[in-house]
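The structure appears right after this line, and notes come after that.
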Amino acid sequence: MNIDNKENAENADSNDGQEKTDDTRTFVAISAKQVAEETALPQPLQEDMDLVLNMLREILKEYNPNILQKFDSLREDVIVASEEQLHVNDTDSQELSQLHTAAQRGLQEAVKMIDDTPIDDAQALARAFTTYFHLANLCEENYRVSVLTNRENAADSTAPVDQMNALSVAYKQLLDEVGPAGAQELLNKLEFHPVFTAHPTEARRKAVEGKIRRISDLLAGRRQTGGPLRQETDRKLYNEIDSLYRTSPIAVKKPTPVEEADTILDIFDNTLFQMIPRVYRRFDNWILGKKSGTVPPACPAFFHPGSWIGSDRDGNPNVTARVSRKVARKFYDHMLTTLAETTHTVGRNLTLGSKTTPPNESLRALWSRQKELSEKLTSHAEIISDKEPHRACLFVIADRLKATRERNADLMYANANEFLQDLKTVQTSLAQAGAVRSAYGPLQDLIWQVETFGFHMVEMEFRQHSLVHARALDDIREHGLHGERGSLNPMTQEVLSTFRAVGAIQKHNGRKAAGRYIISFCKSAQHVKDVYELNRLAFSNPADAPVLDVIPLFEQLEDLENSVDVLEEIIKIPEVKARLKETGNHMEVMLGYSDSSKDAGPTSATLALHRAQGRIAQWAQDHDIVLTLFHGRGGAVGRGGGPANRAVLAQPAGSVNCRFKVTEQGEIIFARYGNPILAARHVEAIASATLLQSAPSMEKINTQMTQKYSSMADTLDETSRQKYVDLLNTEDFTPWFSIVTPLTEIGLLPIGSRPAKRGLGAKSLDDLRTIPWVFSWAQARINLAAWYGLGTACEKFGDLAQLQAAYKEWPLFTTFIDNIEMSLAKTDERIALMYLDLGDREDLKKLVLDEMRLTRSWVLRIVGDQWPLEHRHILGQAIRIRSPYVDALSLTQVRALRKIRWLNDTSELSTSQTADYIYLILCTVSGVAAGLQNTG
Numbered sequence: 013m014n015i016d017n018k019e020n021a022e023n024a025d026s027n028d029g030q031e032k033t034d035d036t037r038t039f040v041a042i043s044a045k046q047v048a049e050e051t052a053l054p055q056p057l058q059e060d061m062d063l064v065l066n067m068l069r070e071i072l073k074e075y076n077p078n079i080l081q082k083f084d085s086l087r088e089d090v091i092v093a094s095e096e097q098l099h100v101n102d103t104d105s106q107e108l109s110q111l112h113t114a115a116q117r118g119l120q121e122a123v124k125m126i127d128d129t130p131i132d133d134a135q136a137l138a139r140a141f142t143t144y145f146h147l148a149n150l151c152e153e154n155y156r157v158s159v160l161t162n163r164e165n166a167a168d169s170t171a172p173v174d175q176m177n178a179l180s181v182a183y184k185q186l187l188d189e190v191g192p193a194g195a196q197e198l199l200n201k202l203e204f205h206p207v208f209t210a211h212p213t214e215a216r217r218k219a220v221e222g223k224i225r226r227i228s229d230l231l232a233g234r235r236q237t238g239g240p241l242r243q244e245t246d247r248k249l250y251n252e253i254d255s256l257y258r259t260s261p262i263a264v265k266k267p268t269p270v271e272e273a274d275t276i277l278d279i280f281d282n283t284l285f286q287m288i289p290r291v292y293r294r295f296d297n298w299i300l301g302k303k304s305g306t307v308p309p310a311c312p313a314f315f316h317p318g319s320w321i322g323s324d325r326d327g328n329p330n331v332t333a334r335v336s337r338k339v340a341r342k343f344y345d346h347m348l349t350t351l352a353e354t355t356h357t358v359g360r361n362l363t364l365g366s367k368t369t370p371p372n373e374s375l376r377a378l379w380s381r382q383k384e385l386s387e388k389l390t391s392h393a394e395i396i397s398d399k400e401p402h403r404a405c406l407f408v409i410a411d412r413l414k415a416t417r418e419r420n421a422d423l424m425y426a427n428a429n430e431f432l433q434d435l436k437t438v439q440t441s442l443a444q445a446g447a448v449r450s451a452y453g454p455l456q457d458l459i460w461q462v463e464t465f466g467f468h469m470v471e472m473e474f475r476q477h478s479l480v481h482a483r484a485l486d487d488i489r490e491h492g493l494h495g496e497r498g499s500l501n502p503m504t505q506e507v508l509s510t511f512r513a514v515g516a517i518q519k520h521n522g523r524k525a526a527g528r529y530i531i532s533f534c535k536s537a538q539h540v541k542d543v544y545e546l547n548r549l550a551f552s553n554p555a556d557a558p559v560l561d562v563i564p565l566f567e568q569l570e571d572l573e574n575s576v577d578v579l580e581e582i583i584k585i586p587e588v589k590a591r592l593k594e595t596g597n598h599m600e601v602m603l604g605y606s607d608s609s610k611d612a613g614p615t616s617a618t619l620a621l622h623r624a625q626g627r628i629a630q631w632a633q634d635h636d637i638v639l640t641l642f643h644g645r646g647g648a649v650g651r652g653g654g655p656a657n658r659a660v661l662a663q664p665a666g667s668v669n670c671r672f673k674v675t676e677q678g679e680i681i682f683a684r685y686g687n688p689i690l691a692a693r694h695v696e697a698i699a700s701a702t703l704l705q706s707a708p709s710m711e712k713i714n715t716q717m718t719q720k721y722s723s724m725a726d727t728l729d730e731t732s733r734q735k736y737v738d739l740l741n742t743e744d745f746t747p748w749f750s751i752v753t754p755l756t757e758i759g760l761l762p763i764g765s766r767p768a769k770r771g772l773g774a775k776s777l778d779d780l781r782t783i784p785w786v787f788s789w790a791q792a793r794i795n796l797a798a799w800y801g802l803g804t805a806c807e808k809f810g811d812l813a814q815l816q817a818a819y820k821e822w823p824l825f826t827t828f829i830d831n832i833e834m835s836l837a838k839t840d841e842r843i844a845l846m847y848l849d850l851g852d853r854e855d856l857k858k859l860v861l862d863e864m865r866l867t868r869s870w871v872l873r874i875v876g877d878q879w880p881l882e883h884r885h886i887l888g889q890a891i892r893i894r895s896p897y898v899d900a901l902s903l904t905q906v907r908a909l910r911k912i913r914w915l916n917d918t919s920e921l922s923t924s925q926t927a928d929y930i931y932l933i934l935c936t937v938s939g940v941a942a943g944l945q946n947t948g
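Position one of the sequence shown corresponds to residue 13 (the numbering used here), numbered consecutively onward.
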């Protein structure tokens, strides 16, 4: 590529570079036409992409015509540079040679232009490309929504199953396989637990998210307008896009844990609260047909959201006991306010008269109790109590919710179940009076919402590192519980305060509001004993101690392999025995995908996790334990990411049992739950996969294929792990990694309250959190954490036919290879080389690039594609089309990294210049993340 490693002068003459020849321009134009035909997007999507691009160009012109000129020129260069990638399999060698020459020249000119652009203009360009990606993502999201809507409208309402509803399709299959009784039994057990975390993988600031949501609404409504209305919509779009472009993508400060809780409030208000009853209702509509909404519901409230926000203190000193209390109160108050407003709305519309809909004895008794509770509370409803009794009761119920939020001990509900019973009293009375549509219409939606969210909104889960517990106990033994023999360490005091916070939250918000306590890096049963002991020590009166379900988290490879032995000892602990008896032998175990992948590589981690799940499931079955496996997945493939529904179906037999629990974080929260229609489809897809995984046919496939390909898996595991570990153990690998990726700079991003290191004396790669490890490789367009070692493993195994057969037959291997192919689609060897050149290590550079080529070759042959994601038309084309734009940001990032890495060491950059380049890097990090998506 002949890209000079030395930095060009900041304001070098931009005409020094070699000009494009007319022949080259002609060839490129012809090639571009071919590419356009081959990579054409669906027309509605293409029209929206063109619209937002033209609007952005107009905004840039208003901002600074020079920036627009640079934006257009850079776009042209990177598109030309990428066209060779689109024709790598062409048979015409002469044409390919010409294209190669043109692509090299396009890349060189793009690099030269970026190098010659003043720092302020470079920042403006980075914002422009970042803005474009936000807009492009919206266009793709709106297209998916429109496709789903069109399919819905065209669906056959007389068909025996709702083909657009994955949950009903799954249930129909269960009916066919296990009969009505068996299918109903599985449905009754169905649970989906998404746990929202504050893991810092969302590179967008909150102010940007708000603008994106408004632009999305405008784009979605634009196609339904014309004439002056469309003109007004376009004016608003211009306003929002202009504001988006002029807003720095980098937040002024890191969010506090209390502020991070707004992520949940945002998706709750905009999506979850209204979406969940629609999901339940849709299933009812299919299974009950015309009776839906006139009889008791068939769909159970299977959605149970959890949260680590404000309660995950593993390595985050900003999460304190006081913070946890504040966040819990924030959720509780918001939930009660929402329920009060919703209850009042349902009541306001329940104008059924006592003559047409007479109340039953239970409703009259409820009204009497309400009057006895407070005449003041019932006074404003008294006037309608005789004529519209159901409405009157609901008004009082709504007012009691307000009193509950205000902590009025005389009027408040003790818990959500008490509130739920009042609602069901009203419902039963309506049904007995013949008003079944009122009973099982909006009132049923409200009941579903209460059954789903309670008063707590989300179930807060507390997490802490096992070493912190051990150190706290050592401190207490040395100094005495109350510091009688000296002062207790502040960390010890905070650990004890945490258990008191859990107790206070349970007492005020209900047991479901907080009760799970997760031990990260759990290596023995002693670590579980430590938590129960600290919980006892935190309270003078044992009766005040909260009820805890202590959950071991097995995350490192050795811990996964030893998990069953540790669990065998855990169930002997008295407190665990007591909880098993109280819960009907329910037990939860968490598996970490991130650290196992970072320790042993993606291939070994995938196989080790699969084996561990199988062993734990068998162990639970042997002990009659109702097991819930909690999957600690991230968004990126290197952290267990990928389509969650396919991951569920690929789990070992017996490891799901109609219960699926998984972490949702960062950009994944916004992507999966930001849009109500897409969120509903996601929930239905997960629920359907969770049901189907227990179907006999699915269990048979997973069991038989795991056995059939066990020998192949062992070879891939051993070889890939050795290859991966050898790379990490190469001398000075860690400092080299921090040089060739923006690792250090990512740590400066104000995108989360949690530090990049655990704070337990991190000195090496071992102590680095997996998020920056994965995120850094993605930014460098290498994605090493997702695939390294697989190519060598496949080469040693050598049997392509068997690998292809496994891809077709074994769900685990299919999902694994597909996820790696998606990661490879987002890599770029030309760009990766520039990052690797930042470090003076030819040996490491060769190792990485050779393995990238080898893995790509094997994956494409296994899948049968000529280029990554060829068989997934929309996704593959979308990534190929947006890649050149990502290249522009990557080249800008490399330019800034060169400055920081090389000139800063020689003190040739002033403090202000260094700050400018760091800001430029952070802008490009945000843009590349938006362009590549699922990077964390």
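Where is the CB? At the ideal position from N, CA and C, for every residue including glycine.
Since this is a predicted model, take the numbers as computed values, not measurements.
- Task: Would you verify that the beta carbon of R497 is, or is not, closer than 8 Å to some beta carbon of chain B?
- Result: No chain B appears in the structure shown, which is made up of a single protein chain.
- Taking the C-alpha atoms as reference points, what is the distance between T36 and A115? For T36, the predicted model reports a pLDDT of 35, less than 50, meaning its position is unreliable and no value from the coordinates is stated.
- Message: Pull the bridge partners of D62 from the DSSP assignment, please.
- Response: Answer by DSSP bridge pairing: none, since D62 is not bridged.
- Query: Start and end of the beta strand (DSSP E) containing G943?
  - Reply: In the DSSP annotation of this structure, G943 is not part of any beta strand (DSSP E); the continuous alpha helix (DSSP H) holding it starts and ends at 923-944.
- Cα-Cα separation, T510 to D324: Rounded to the nearest angstrom, the two C-alpha atoms are 11 Å apart.
- Look at A410 and G492 and say whether their C-beta atoms are less than 8 Å apart. At least 8 Å separates the beta-carbon of A410 from that of G492.
- Task: Tell me where the beta strand (DSSP E) around G402 begins and ends.
- Result: In the sequence on display, residue 402 carries His and not Gly. From DSSP, H402 is part of no beta strand (DSSP E) but of the alpha helix (DSSP H) over 401-417.
- Message: Please state the DSSP three-state secondary structure of R511.
- Response: As written in the sequence, residue 511 is Phe, which differs from the Arg given in the question. Look at F511 here: in three-state DSSP terms it is helix.
- A445 to T368 span [Cα, whole Å]: Roughly 8 Å between the two C-alpha positions.
- Task: Pull up the DSSP beta-bridge partners for D561, would you.
- Result: R528, per the DSSP bridge assignment.
- From what residue to what residue does the beta strand (DSSP E) around Q677 run? For Q677, the uninterrupted beta strand (DSSP E) segment begins and ends at 671-677.
- Item | DSSP-derived helix/strand/coil call for D324 | In this structure, D324 counts as strand in the three-state DSSP scheme.
- Query: If we call anything under 8 Å between Cβ atoms a contact, is I583 one with H635?
  - Reply: At the C-beta level, I583 and H635 come within 8 Å of one another.
- Query: Taking DSSP as the reference, what is the three-state secondary structure of F551?
  - Reply: Taken through DSSP and simplified to helix, strand or coil, F551 comes out as coil.
- Message: Under DSSP, the alpha helix (DSSP H) around T618 begins and ends at which residues?
- Response: Per DSSP, T618 belongs to the alpha helix (DSSP H) from 614-634.
- From the DSSP output, in three-state form, read off Q175 for me. Q175 falls in the coil class under three-state DSSP.
- Message: Using DSSP's beta-bridge definition, name the partner residues of H598.
- Response: DSSP lists V638 as the bridge partner or partners of H598.
- Would DSSP call S722 helix, strand or coil? If DSSP states are grouped into helix, strand and coil, S722 belongs with the helices.
- Item | Nearest residue (CA-CA) to I637, options Q677, R658, T595, M602 | Among Q677, R658, T595, M602, the Cα nearest to that of I637 is on T595.
- Message: Here's the rule: buried if 16 or more other CB atoms are within 10 angstroms of the residue's CB, otherwise exposed. What is E384?
- Response: In this structure E384 is exposed. Its beta-carbon is surrounded by fewer than 16 other beta-carbon atoms within 10 angstroms.
- Item | Through-space distance from N427 to L413, alpha-carbon basis | Spanning the two alpha carbons is a distance of roughly 10 Å.
- When the Cα atoms are used, what is the spatial distance from D246 to G365? Taking the straight line joining both Cα atoms gives about 48 Å.
- Message: Let me confirm a value: S895 is counted as buried when at least 16 other C-beta atoms fall within 10 Å, else exposed. Which label applies?
- Response: By the 10 Å Cβ count, S895 comes out buried.
- Going by beta carbon distance, what residues of the same chain come within less than 6 Å of R684, once the five residues before and after it are set aside? Excluding sequence neighbours, R684 sits near H694.
- Query: Between which two residues does the alpha helix (DSSP H) carrying P261 extend?
  - Reply: First-last for P261: undefined, no H or E at that position.
- Task: Please determine if the stretch 845-852 and the stretch 746-753 are in contact, where contact requires at least 3 C-beta pairs separated by less than 8 Å.
- Result: Yes, the stretch 845-852 touches the stretch 746-753.
- Query: On the three-state DSSP scale, how would you describe F141?
  - Reply: In this structure, F141 counts as helix in the three-state DSSP scheme.
- Item | Residue nearest to L944 in terms of C-alpha spacing, selected from V898, S924, I930, L348 | Among V898, S924, I930, L348, the Cα nearest to that of L944 is on V898.
- So what's L603 in DSSP terms, helix, strand or just coil? It is a strand residue.
- Determine, using beta carbons only, whether T640 and R591 come nearer to each other than 8 Å. Against a cut-off of 8 Å, the Cβ pair of R591 and T640 comes out as no contact.
- Query: Just checking my contact of V514 with P558 at CB under 8 Å: how many whole Å lie between their CB atoms?
  - Reply: Between V514 and P558 a beta carbon distance of about 5 Å is seen, short of the 8 Å cut, so the two are scored as contacting.
- Would DSSP call T209 helix, strand or coil? In the structure shown, T209 sits in a strand (DSSP, three-state: E or B).
- Item | Unbroken stretches of the alpha helix (DSSP H), 4 residues or longer, contained in the stretch 329-375 | You should have 333-360.
- Please go through the same chain and pick out, in chain order, the residues whose beta-carbon is closer than 7 Å to the beta-carbon of S441, but skip the five residues on each side of it. So the qualifying residues of the chain are P371, N372, S374, L375, H402.
- Query: Are D487 and L479 close, meaning C-beta to C-beta below 8 Å?
  - Reply: With contacts defined as CB atoms closer than 8 Å, D487 and L479 fail to qualify as a contacting pair.
- Item | Per DSSP, cross-strand counterpart(s) of S319 | According to DSSP, which records beta bridges pairwise, S319 is partnered with F208, M472.
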